Ligand code: MOS
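Numbering (the working numbering), first residue to last: -5 to 726.
Set out below in structure tokens:
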């Protein structure tokens, strides 16, 4: 991959469709006879439904049916088999029984002729409860008893306890992070349309193949009967990876009524019934010798989970491999609270985990009297100690050096509050970032068509990150066609099976398959071209090349590829390819990076802001510098949100979320985003990982960001904030 299309800063090819409103999302589909569903949601966090009176609600205009635990059809709990691409995010299906496990749980579903009528009637459903005292926070849950250890994500090597006890320098601190809620612009939504036992399922989904398989399992039907579609989604950040209760509820209602049903989850219930990042308590013990060489790392974490799922936030997932250290213990545990079921949120585990680890590394540097960057460099390794395997491709040292140079780190004076700009005290902090490089099986189909275009299809999806564009670039690179001649179709489970848009693995999984399929399509074309009576009848296919829409013979003539197809009387030359998600066991595959952050603290007016960020990222081959930079820039924004703003607040009397709306759940606005953000993409292809050298870039940018901000805040103020988000009250 070495021409001007791979690595170019191409704008998104789906941009015009989105800006002009041609792009249709899950709730933009209106099949004939469409009905609209609206939920009734529990307003207690724990207990039982004592009674549901629907009589008054049923008499409201336009009401067609009201479902609840007494009349909802019996379905099958999905086995959640990841290998079979099947997973519900909340093990309990909606309306299974009269138990209430969290505030904002579906307790009834009103279906009416219009959205407004369904919503109005929902207010007339009269639910009474037998309320029990809810567990409203992770802290409260831990008071009730020991958390449940998660054995599968544990790691130990060496003897961390004794190495820590005998270390010259020690840090033993606890960090806490709050519940954070995904707030994609597009609401969760389902439009379910059954026809003769076949289902068309429009879902705001990060994975149409998983959606298809999961709905098939829940409804006990052959997956071939389901077409799951998500050609466009307004992002998800992990909340749309797997099926939530609303999708099951709408699909069941549609089947019962014999009419299509559309259900949009209200923003308030996106804080309860479609996942969140759980709260974490993390204890870090770091031991180092006099020179700052790490002797021991212990990272024990516990996260909140619900009573209807067991979600583990793997906070120590990076801790076990980031630094050179022989004595390491990483443990994870969960404690149940009366909140909806948590799920993956951008860089699950690593985002809160690196807040703790990379804050603790700075605390250790302070104790030793070392520069925080020098301490990290002193513990640099090119071997994954948790697997005893070399990293396939690591340029973290270059990230440290390039980032530091661009930022001007050598001008940092270490004394607290020693750097100023007018009324602002400046703080400079940094942190490493890290994410596993993952990939999955993928199939793709590419066709060169007699109308002069290429058609690419794959059942992965573009969640707003630029997948359409990089898929088109990959096909264009092989086929020698301009981008506007490449037609890309994603987000439909009818296409060749592709990966979830998650785990930062979509690009690394899909692009090699698309590349291989495009090559096969070109090969088929060349095969046609050298057949008897064809244009290049006597040529060898190896001497043919495809560029600018023409097939050319080395030292000979060029012919429009369309002519070859026309002469052969075929509509297309196509290729189908499969690439494996298997990676072998010789290397550890990870991506690396470093954030450098300047904060400004103005004590006179108690203003804290992030002024400047430099992030150097080592993510393999960069396919599109624009969309790749956008991913890191967005992740920096989300990391600033994690550091300074985001927290889902619960009323500790009732367990109900309080700031469940866009006004009160704070995320960074444009005014909070630094004017000066510089993303340095290192662009070293990792050919040990896949043929194209691509690793993902969606998640790594958020990791370490909150620690870099916290470290900068400490440098400015001398206040070590170990409980996110950092608020101005913490600094006054
Ligand atoms: Mo990501 S949390 O796998 O969408």
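Even glycine gets a Cβ: it sits at the ideal position worked out from N, Cα and C.
These numbers come from a predicted model, not from an experiment.
| Query | Result |
| --- | --- |
| Assigned exposure category for residue 700 - 16 Cβ within 10 Å defines buried | buried |
| contact_flag[the segment 65 to 76, the segment 116 to 132] where n(CB pairs < 8 Å) is 3 or more | no |
| Where residue 596 sits in the DSSP three-state scheme | strand |
| First and last residue of the uninterrupted beta strand (DSSP E) at residue 125 | 120 to 125 |
| Where residue 177 falls: helix, strand or coil (DSSP) | coil |
| Buried or exposed (CB count within 10 angstroms, at least 16 for buried), residue -4 | With a pLDDT of 45 at residue -4, under the threshold of 50, the predicted position of this residue should be treated as unreliable, though the coordinate-derived value follows. Exposed, because fewer than 16 other Cβ atoms sit within 10 Å of the Cβ of residue -4. |
| Reference residue 402; option with closest CA among 707, 291, 149 and 672 | 672 |
| Alpha-carbon to alpha-carbon, residue 231 and residue 201 | 12 Å |
| Reduced DSSP category for residue 240 - H, G, I as helix; E, B as strand; rest coil | helix |
| Sufficient close CB pairs (3 or more, under 8 Å) joining the segment 642 to 649 to the segment 596 to 614 | no |
| Residue 653 versus residue 659 - alpha carbon distance | 5 Å |
| Contacting residues, own chain, Cβ-Cβ under 8 Å from residue 299 (five flanking each side not counted) | 272, 305, 306, 328, 329, 330, 331, 335 and 336 |
| C-alpha gap between residue 175 and residue 519, whole angstroms | 50 Å |
| Closest Cα partner of residue 211 within the set 635, 243 and 80 | 80 |
| Nonlocal neighbours in the same chain, by C-beta distance under 8 Å from residue 60, ignoring five residues either side | 48, 51, 52, 102, 103, 104, 105, 115 and 119 |
| Closest residue to residue 690 among 698, 702 and 677 (Cα-Cα distance) | 677 |
| Buried or exposed by the 16-neighbour rule on C-beta atoms within 10 Å, applied to residue 601 | exposed |
| Rounded C-alpha distance that separates residue 259 from residue 177 | 12 Å |
| Extent of the continuous alpha helix (DSSP H) run through residue 358 | 344 to 362 |
| Length of the line joining the Cα atoms of residue 505 and residue 18 | 25 Å |
| Proximity of residue 453 and residue 479 at Cβ, strictly below 9 Å | no |
| Nearest-angstrom beta carbon gap, residue 686 and residue 509 [assumed within contact, 8 Å] | 6 Å |
| Span of the beta strand (DSSP E) around residue 529 | Per DSSP, residue 529 belongs to no beta strand (DSSP E) and is neither H nor E. |
| Meets three-Cβ-pair contact criterion under 8 Å: the segment 192 to 208 and the segment 378 to 388 | no |
| beta-carbon residue 36 near the ligand MOS non-hydrogen atom, thresh 8 Å | no |
| Contact under 9 Å by Cβ, residue 82 with residue 40 | no |
| Collapsed DSSP secondary structure at residue 464 in the structure displayed | helix |
| Cβ contact check for the segment 414 to 423 and the segment 695 to 712: 3 or more pairs under 8 Å | yes |
| Segment limits, alpha helix (DSSP H) that includes residue 557 | 555 to 562 |
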